[in-house]
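Read through the structure below, which is laid out as structure tokens, and then see the notes.
In the working numbering, the protein residues as written are 2 to 256.
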């Protein structure tokens with residue numbers, strides 16, 4: 002649980018610098034172009050979009066604008082950028098995907114704008130819009146009771162993994178005669194393999210290739226992404242605790 006709270010705090014701090022990260026992924030001019038493009042689709046002003054569009058897409062621009070305009074018109078208010086994904090191909094074009102949202106109350110819309118090309122000369126390569134009945138950025142908020150019994154068991158297992166790791170470290174440093182204490186400490190601070198739970202959908206999976214600090218973690222890839230809660234088996238920590246319990250039993254028996 003401690004690790005979950007720490008991760009949540011770090012994510013909150015990261016949110017404070019979200020604008021800084023966006024500026025690294027896309028220039029302010031590119032971000033404004035994405036917002037202007039979404040607004041132009043909402044206004045039905047395809048003439049404004051056409052000069053920025055890849056040639057093979059221009060033929061479908063008017064038809065596509067007619068299809069997505071009703072979705073965007075229902076969402077009032079300015080567009081804001083939620084996420085920016087960048088894919089750079091070695092020797093090829095750069096693709097930047099902007100996810101924007103707009104709306105209020107129960108009338109929201111999400112729009113995805115894709116630009117492709119060389120830095121500084123990106124052109125519109127794709128777009129998609131879909132409606133939402135509530136603020137999209139809150140659809141995947143963490144609600145502790147959302148997953149019911151499974152969720153509480155999962156959080157308990159996460160807490161247990163963290164507790165095992167910390168207990169093992171405490172036991173290691175109570176034994177000054179133990180050789181390679183730093184190595185044992187490093188091994189006890191991580192869990193291997195493990196399990197991951199999508200908190201929004203309840204889907205879970207076995208993570209065969211996984212190393213988790215303190216045996217548990219919580220991640221959220223972006224404002225629209227779900228929380229993924231994981232715990233991993235603290236193998237070294239369990240070995241340390243079992244060896245300590247065995248040695249203590251032997252000492253008690255000898256007495």
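Positions of the beta carbon are idealized from the N, C-alpha and C atoms, including for glycine.
According to the DSSP secondary-structure assignment, residue 234 is paired through a beta bridge with 193.
Counting C-beta pairs with one atom in each stretch, the segment 162-171 and the segment 213-220 have three or more that are closer than 8 Å, which means they touch. Taking 8 Å as the cut-off, the Cβ atoms of residue 111 and residue 100 count as close. Under the three-state reduction of DSSP, residue 81 is assigned to strand.
For residue 145, no alpha helix (DSSP H) segment is defined, and its DSSP state is neither H nor E.
The three-state reading of DSSP puts residue 105 in strand, counting E and B together. Comparing alpha-carbon positions, the option among 52, 43 and 83 lying closest to residue 67 turns out to be 43. With three or more CB-CB distances shorter than 8 Å, the segment 28-46 counts as touching the segment 112-123.
Linking residue 207 to residue 151 through their CA atoms gives a straight-line distance of about 15 Å. Here residue 113 is bridged, per DSSP, to 100 and 129. With three or more CB-CB distances shorter than 8 Å, the segment 230-244 counts as touching the segment 185-195.
The Cβ atoms of residue 123 and residue 50 lie no closer than 8 Å to each other. DSSP, reduced to helix, strand and coil, places residue 210 outside both helices and strands of the structure shown, so it counts as coil.
Looking at the DSSP output, residue 27 bridges to nothing. Cβ neighbours of residue 189 within its own chain (closer than 8 Å, five residues either side excluded): 166, 169, 170, 173, 235, 237, 238 and 241.
For residue 85, same chain residues with a beta-carbon under 6 Å away, outside a window of 5 residues either side, are 23, 26, 27 and 99 in chain order. The beta carbon of residue 69 sits closer than 8 Å to those of 42, 112, 128, 129 and 130, all from its chain and outside the five residues before and after it, given in chain order. A straight-line Cα-Cα distance of about 14 Å links residue 158 and residue 205.
The DSSP-derived three-state label of residue 168 is helix. Linking residue 34 to residue 81 through their CA atoms gives a straight-line distance of about 12 Å. As computed with DSSP, residue 219 is found in a beta bridge with 230.
With contacts defined as CB atoms closer than 8 Å, residue 200 and residue 244 fail to qualify as a contacting pair. Taking a contact as a CB-CB distance under 8 Å, the pair residue 109 and residue 132 counts as one, their CB atoms being some 7 Å apart.
Nearest in C-alpha terms to residue 153, of all of 91, 95, 230 and 102, is 230. In the DSSP annotation of this structure, residue 175 is not part of any alpha helix (DSSP H), being labelled neither H nor E. It is roughly 27 Å from the alpha-carbon of residue 58 to the alpha-carbon of residue 77. In the three-state scheme derived from DSSP, where H, G and I count as helix and E and B as strand, residue 182 is classed as helix.
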